[in-house]
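Position 16, counted from 1, in the sequence shown is what the UniProt record's numbering calls 16; the numbers after and before it change by one each time, with no gaps. We put the beta carbon where it would ideally sit given N, CA and C, even for glycine.
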Amino acid sequence: MTTQRPFRWQPHDGKRHAVHHDTFPTQHTTTLCGEELTIPTTRATKQQWCWPTCTDCDTAWRLAEGIPLPLQQRRTTNGPGPAHMLAVLSHSTRG
Ligand SMILES: [Zn+2]
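Listed below in structure tokens is the structure:
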């Protein structure tokens, strides 16, 4: 079972966000939670990998893969919902 994950983690602005797996350095993209960023050309430092996981990205990732949400993440109902995030994501990956 070597299922390719659709996303990967990318440290950005104090948190680890999820971005599309096939993003490449210098590419301008959008995280699953809607943050815009440019993929850095240097690998994230060990310290950056210790940043807290972005719960919005984690939630969107789980929804995309059909992974059940842990209980403590079910109360993220404010702001744009996961459906909106996924819509943004699919738009940003076309073409
Ligand atoms: Zn995020």
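May I ask you to check if the CB of residue i is nearer than 7 Å to at least one heavy atom of ligand 1?
i: E35; result: yes
i: T31; result: yes
i: D56; result: yes
i: H21; result: no
i: H17; result: yes
Below 8 Å CB to CB, which residues in the same chain sit around residue i once its five sequence neighbours on both sides are set aside?
i: T41; result: P25 and T26
i: H12; result: T31, E35 and L37
i: H17; result: W9, Q10, P11, T31, L32, C33, E35, L37, C54 and C57
May I ask which residues mark the beginning and end of the alpha helix (DSSP H) holding residue i?
i: T55; result: T55 to E65
i: Q47; result: K46 to W49
What first and last residue would you give for the beta strand (DSSP E) that runs through residue i?
i: T38; result: E36 to T38
Please go through the same chain and pick out, in chain order, the residues whose beta-carbon is closer than 6 Å to the beta-carbon of residue i, but skip the five residues on each side of it.
i: V19; result: Q10, T29 and T31
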